[in-house]
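Shown next, in C-alpha cells, is the structure this report addresses.
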Amino acid sequence: MKLLLALLLLPVGVWAQTTVAGRVTDMQGQAIPGANVVLKGTYDGASTTAEGAYSFLTTEAGAHTLVVSFVGYQRYEQPVTLEGGILAVDVRLAEELNELDAVVISAGSFTAGEENRRTILKPLDIAMTAGATADIAGALNTLPGTQKVGETGRLFVRGGDGNEARTFIDGMVVLDAYAPAAPNTPSRQRFSPFMFKGTSFSTGGYSAEYGQALSSALVLNSRDQAAQNQTDIGLMSVGVDVGHAQVWDRASVVGKIQYTNIRPYYGLIDQEVDWKLPPVSLEGSGAYRQKVGRDGLLKVYGNYSTSDFSLYEADILDPTQKQLLELDNRFAYGNAAYQQSLTDTWSLRGGFSYSLNENNVKVDGAPASEHEQGYHIKAVTEHSLNESLEIRLGAEHINRNYLASQLEVATQHVQSLSFDEPLTAVFAEGEWYATTRWVTRAGVRTEYNALTARWSVDPRWSVAFKPSNKGQFSFAYGTFRQSPANSLLRVDRQLTPERAEHFILNYQVLTDRKTFRVEAFYKKYRDLVKYENGNPMTLSNRGNGYAQGIELFWRDNQTIRNADYWVSYSLLDTKRDYLDFPQAAVPYFASRHNFSVVYKHFIPKLKSQLGATYSFTSGRPYFNPNLTKGEFNSQRTPSFQDLSANIAYLPKNWLIIYVSCTNLLGRDNIFNYEYSTTPNASGEYVGRAVKQPAPRFAFIGVFITISKNKSVNQLPNL
Amino acid sequence: MKTKLISFFLMISLSTVALATDKYTENMQKYIAQVYTAQTFEQLQSVTNALDRIAQAEPTRWEPLYYSAFGNLMTAVRQQEGSKKDQYLDLALASIEKAKKLVPGESEVIALEGFVHMIRVTVDPATRGQQFSGLAMQTFGKAVQLNPDNPRALSLMAQMQMGTARFFNAPVTEACGTAKLALEKFYSFTNDNLLAPRWGKEMTEELLTSCK
Numbered sequence: 001m002k003l004l005l006a007l008l009l010l011p012v013g014v015w016a017q018t019t020v021a022g023r024v025t026d027m028q029g030q031a032i033p034g035a036n037v038v039l040k041g042t043y044d045g046a047s048t049t050a051e052g053a054y055s056f057l058t059t060e061a062g063a064h065t066l067v068v069s070f071v072g073y074q075r076y077e078q079p080v081t082l083e084g085g086i087l088a089v090d091v092r093l094a095e096e097l098n099e100l101d102a103v104v105i106s107a108g109s110f111t112a113g114e115e116n117r118r119t120i121l122k123p124l125d126i127a128m129t130a131g132a133t134a135d136i137a138g139a140l141n142t143l144p145g146t147q148k149v150g151e152t153g154r155l156f157v158r159g160g161d162g163n164e165a166r167t168f169i170d171g172m173v174v175l176d177a178y179a180p181a182a183p184n185t186p187s188r189q190r191f192s193p194f195m196f197k198g199t200s201f202s203t204g205g206y207s208a209e210y211g212q213a214l215s216s217a218l219v220l221n222s223r224d225q226a227a228q229n230q231t232d233i234g235l236m237s238v239g240v241d242v243g244h245a246q247v248w249d250r251a252s253v254v255g256k257i258q259y260t261n262i263r264p265y266y267g268l269i270d271q272e273v274d275w276k277l278p279p280v281s282l283e284g285s286g287a288y289r290q291k292v293g294r295d296g297l298l299k300v301y302g303n304y305s306t307s308d309f310s311l312y313e314a315d316i317l318d319p320t321q322k323q324l325l326e327l328d329n330r331f332a333y334g335n336a337a338y339q340q341s342l343t344d345t346w347s348l349r350g351g352f353s354y355s356l357n358e359n360n361v362k363v364d365g366a367p368a369s370e371h372e373q374g375y376h377i378k379a380v381t382e383h384s385l386n387e388s389l390e391i392r393l394g395a396e397h398i399n400r401n402y403l404a405s406q407l408e409v410a411t412q413h414v415q416s417l418s419f420d421e422p423l424t425a426v427f428a429e430g431e432w433y434a435t436t437r438w439v440t441r442a443g444v445r446t447e448y449n450a451l452t453a454r455w456s457v458d459p460r461w462s463v464a465f466k467p468s469n470k471g472q473f474s475f476a477y478g479t480f481r482q483s484p485a486n487s488l489l490r491v492d493r494q495l496t497p498e499r500a501e502h503f504i505l506n507y508q509v510l511t512d513r514k515t516f517r518v519e520a521f522y523k524k525y526r527d528l529v530k531y532e533n534g535n536p537m538t539l540s541n542r543g544n545g546y547a548q549g550i551e552l553f554w555r556d557n558q559t560i561r562n563a564d565y566w567v568s569y570s571l572l573d574t575k576r577d578y579l580d581f582p583q584a585a586v587p588y589f590a591s592r593h594n595f596s597v598v599y600k601h602f603i604p605k606l607k608s609q610l611g612a613t614y615s616f617t618s619g620r621p622y623f624n625p626n627l628t629k630g631e632f633n634s635q636r637t638p639s640f641q642d643l644s645a646n647i648a649y650l651p652k653n654w655l656i657i658y659v660s661c662t663n664l665l666g667r668d669n670i671f672n673y674e675y676s677t678t679p680n681a682s683g684e685y686v687g688r689a690v691k692q693p694a695p696r697f698a699f700i701g702v703f704i705t706i707s708k709n710k711s712v713n714q715l716p717n718l
Numbered sequence: 719m720k721t722k723l724i725s726f727f728l729m730i731s732l733s734t735v736a737l738a739t740d741k742y743t744e745n746m747q748k749y750i751a752q753v754y755t756a757q758t759f760e761q762l763q764s765v766t767n768a769l770d771r772i773a774q775a776e777p778t779r780w781e782p783l784y785y786s787a788f789g790n791l792m793t794a795v796r797q798q799e800g801s802k803k804d805q806y807l808d809l810a811l812a813s814i815e816k817a818k819k820l821v822p823g824e825s826e827v828i829a830l831e832g833f834v835h836m837i838r839v840t841v842d843p844a845t846r847g848q849q850f851s852g853l854a855m856q857t858f859g860k861a862v863q864l865n866p867d868n869p870r871a872l873s874l875m876a877q878m879q880m881g882t883a884r885f886f887n888a889p890v891t892e893a894c895g896t897a898k899l900a901l902e903k904f905y906s907f908t909n910d911n912l913l914a915p916r917w918g919k920e921m922t923e924e925l926l927t928s929c930k
C-alpha cells in the first residue's frame, strides 16, 4: 500500500522525460528562425533560434505528433515516439503557395482590386485618374494595350474593333456596356467604378471561361456586403445622385438614383455639336447581398436607365442642309450570382443575367428602332485535387434576340431585320503549380451556335515561370471567337463567328510599390466579315488580318513621397482586310503609338489630391477618296494630345469637392476625317474633320456622406 | 479502507483537474506578462509562438487566440516593410476569426480586430486610409456597443478620432471626450477572468496629454 502511494505521489516526469531537439530549415537548407515547434495537443514546444535550432523538454511519453509552423511555409507534421532521453528531429519546411511570392499568369492581364497586394490598379485609381472622368474605359485607356479612339469613348484593344472588347459582371456577360452617345461624341461605360471591388482587364490570352470576346475581356467583380448604413449625395455640374446603403447582420441593400442633365452645361459652353436637346438620362440601380449558410453569398444587381437627346447633323456637301436626329434609349440589366464552397476542396458558383437595350431613333421624323435582349445562364464548379492542382468545369447558355426595323416613309412599309442566336458552351480548365516557380493553365472551350448550327472548339494555354523572387515570365496562347457585329449578322444570319489567335509573351517585375512590365504579342484574325464586291448586303467570312506589337508599363508609388505615377507605351502594327477595304490596310481606329503618363499627388497640408494625365496618340489612318494614288487608308491625321487635371479636396471628413478639366492646353484635336459619299459639282469629295465636341470638358462635384460614423466619406467611391 | 482509497483517488483526479486549469492559467499569465513587455522582435516572436502552442492545445479557449493575435499585431507594428506588416496582420486576423467563433459577443476580441484594421492603414495610408479607417471605426463602434465599459474599445476609438481630427484640422473635442471616458473605464474596469486583457491605460493617458 505504501509503495503504491509513493508511486502515485512521485512526479510523473521522473520516469519519462524527453528532450526533443533539432533544426528547422527551408528546402534549400537555410535556417528558419522563429518557427514554432509544438507537441500537438500539449503546451510543450519551442521557437527556433537565429540558427534555426530548437530544443525543449517534455514529460509526455509514447506516440505524439510534432508540428512545425512558420509564416509563409506549409505546416509540417511528423509522428514521434517519446521514450525518454534525447529525440533529434530535423525538419525541412516547404514554401507555401502564397499569393504574394508565388508565380502567377500575368500574360495579357491587368488585375485591380482593393485587398490584393498584387493589384496594378485599384478602384480608387480608376476614379481618380485625370481625364478619365470616373469612367472605367477612360481609366483603362491609360494602360498599355489600348488605342485611344477619342470620338467613341470605347475600349479598343490591340488593333481590335470596339465591339471586340466584352464586359462581364460577376462572370455574367453584358450585351452592351456603353451608354448611347451622339455620332462622334464619346460614350461612357454604364457602370460606375465604385460598384466594383475588383477589375481584371485582359488584353488577350484569357481563360476558357470567357467566350464571345475576340480581343479583350473586362471582368468586373461587384462588391460584397455593404459595410455600414450610409447615405451619399452627389451634386454635380451635370446632375445629381443620391445613394443609400442599409446593412443588416447577413444582408445589405444599396440603392442609387442618378439624374444627368448636361443641358445647363452645354448652355454655358459652346459645343461643336448642334444639339437640339442635349442628353438627359435617369438611372436607377440597386444591389442586394445576402449571406447564405457558412460561406455562401448571393449577389443581385439591377440597373435601369432611360436617356434621350436630339441633334442636327449637317450634310458634308452642303452644311446648310441639316438632318434632325432624335434618339431615345432604354436599358435594363439585371444579374444574380451565387457562390458557395461545398466542401474544403469543391466550390460552386453560378449566375443569371438579363440585358435589354432599345434604341428608338428618328431621322428627320422617320422612325427606326433597334431592340436587343438576351440572357445568360452559367454554372461553374471548382475543385482542388491537391495543394497544387485545381480544375474548373463550367457550362453556360447565352440567348440573344435582335430586331431592327425601319419605316420607309414613301411606302409606309416597315422593313425589319432580325436574328435569334442561342449559344451553348462548356469549358474545362486546369491550373497546375509544378513548384512555386512554375504554373501552367490549360483549358478548352466548346461552343454550339444554334443559329448557324455549328460546333467550335477553342484551346487556351498559358504558363508562367518565376526564376527569381521578383521577376517572372509568362506566355499565353489561345484561340478566340465572337459572332459578327449585330449590324452584320442581321444581314446574313449564316455568317460564322470571327476568329482570333493570340500569342503573348510577358515579363513582369513586381515589388511592394513598383511595377514594371513588358509584353509582346502577335494576333492573327481569320473569318472577318467582308463585303463581297463592295456590297454591304452580300457578306462573307473571307476577311483576315493581323496585329502585333510591344507594350511597356511602369508604375511607382515609392520614389516620390505621397505621389503615385504610371507610364504606359504601346506600339502597334496592324492591318486587316475586312468590310469594304479594297485590300489589307490599317483600320481607322488603329494608331501606331500610344503613350500616357498618369500622375497623382496627395498633399496632406492642403488635404487634397492632385492628378494629371498626359496622353499621346499618333496619327490615325483615313482615306481621302480624292487621291487617286496611294493606298487605301494611307493618310494620317495629326496626333492626338491631351493634358487633363483634377483635384479632390477634403475640407471635412464627410465632404469632398472634386474639380476636373480635360485638355487644359486647349489643343484642337482631330480624331478623324469623314468624306461626302458623292462628289460635289466640281467632282471633288468634300472632307470634314471629326473633332472634340468642345476643346475642354470641365466638371465640378460636391459629394456628401451622411452616416453615424463621421470618418467615412465618398473618396473610395469617387 | 476501501472508501478511503476511493476518496483518495477522487481527490487525486480532482486535483489533476484543478492542476490542469492551473497549468493553463499559470502558463497564460506568464506569457501574457511577456507579451506585454516583449521588446525585441525575437522576444515577441517567441512569446507569440508559445501562446499559439497553447491555443492549439486548448481549442475551446479564446484567450490564447486573443494574445497570440495581440503578439502578431505588435510584431506587425514593428515591421518596416509593408508586405511583412500585412503578413503578420493576416496571422493576427486569422486568430481573431477563430476567437470570434468561440466567443461571438466578446467586445475585447472585436476591439482587437479594429486595431488590426487601424494598423492596415499604416501600410499604405494614401490608398488604404479611407477604406480601412472607416472599417476600423466601425469595428470599434461594434466593440463599444457590445460592452460600453470596455476601456480598450473606447481608447482605440479615441485614437482613431484623434487621427481623423488632426488630419482635418478639426477640433479634438470628440476624441478627447472618448479618451477621457476610456480612462475612467480603465479605473473602474473589473473582470472576473484572471486572463482578461489589461493593456491600454498608458496609451490612453498619453493620448490625453494632447488634450490639455
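So the sequences go chain by chain: A and B. Just so you know, we're using the numbering used here here: the first sequence kicks off at 1 and counts up by one. Just so you know, we're using the numbering used here here: the second sequence kicks off at 719 and counts up by one. Glycine included, each C-beta is placed from N, C-alpha and C at the ideal position. Being a predicted model, the structure only gives us computed values, none of them experimental.
Is residue i close to chain B? Criterion is C-beta to C-beta, closer than 8 Å.
i, result
"Lys466/A", "no"
"Thr42/A", "yes"
"Leu100/A", "In this predicted model, Leu100/A has a pLDDT of only 49, less than 50, meaning its place in the structure is not dependable enough to derive any value."
"Gln228/A", "yes"
"Ser749/A", "Within the shown structure, residues of chain A are numbered from 1 to 718, placing residue 749/A beyond reach of any answer."
"Gln36/A", "With the sequence shown as reference, residue 36/A is identified as Asn, and Gln is not the correct amino acid for it. At least one chain B Cβ lies under 8 Å of Asn36/A."
"Asn669/A", "no"
Can you tell which of the options has the C-alpha that lies nearest to the C-alpha of residue i?
i, options, result
"Asn720/A", "Phe581/A, Phe553/A, Tyr546/A", "Outside the displayed range of chain A (1 to 718) lies residue 720/A, so it cannot be described from this structure."
"Ile86/A", "Gly22/A, Ala434/A, Arg294/A", "Gly22/A"
"Ser200/A", "Ala681/A, Ile169/A, Trp461/A", "Ile169/A"
"Gln258/A", "Ser285/A, Lys276/A, Tyr265/A", "Ser285/A"
"Arg667/A", "Phe697/A, Tyr658/A, Ile657/A", "Phe697/A"
"Asn887/B", "Leu606/A, Gln641/A, Ser456/A, Ile656/A", "Leu606/A"
"Glu272/A", "Phe640/A, Ala694/A, Tyr43/A, Met172/A", "Ala694/A"
"Ser216/A", "Asp577/A, Arg263/A, Lys378/A, Pro144/A", "Pro144/A"
"Ala689/A", "Asn653/A, Lys530/A, Phe699/A, Tyr622/A", "Tyr622/A"
"Tyr742/B", "Gly859/B, Leu769/B, Phe759/B", "Leu769/B"
"Trp554/A", "Lys470/A, Ile560/A, Tyr525/A, Thr515/A", "Thr515/A"
Roughly how many whole angstroms lie between the Cα atoms of residue i and residue j?
i, j, result
"Ser608/A", "Pro843/B", "14 Å"
"Thr306/A", "Leu356/A", "12 Å"
"Ser591/A", "Arg620/A", "5 Å"
"Tyr333/A", "Val300/A", "11 Å"
"Asn449/A", "Thr345/A", "33 Å"
"Asp232/A", "Gln856/B", "17 Å"
Looking at chain A, is there any beta carbon in it that lies within less than 8 Å of the beta carbon of residue i?
i, result
"Ala775/B", "yes"
"Phe886/B", "yes"
"Gly895/B", "no"
"Gly823/B", "no"
"Asn865/B", "no"
Exposed or buried, residue i, counting other C-beta atoms within 10 Å across all chains shown (16 or more means buried)?
i, result
"Leu268/A", "exposed"
"Ile670/A", "buried"
"Glu744/B", "exposed"
"Thr678/A", "exposed"
"Asn303/A", "buried"
"Met128/A", "buried"
"Ser707/A", "buried"
"Asn911/B", "exposed"
For a test of the three-state rule: what should DSSP assign to residue i, helix, strand or coil?
i, result
"Arg838/B", "helix"
"Leu140/A", "helix"
"Pro459/A", "strand"
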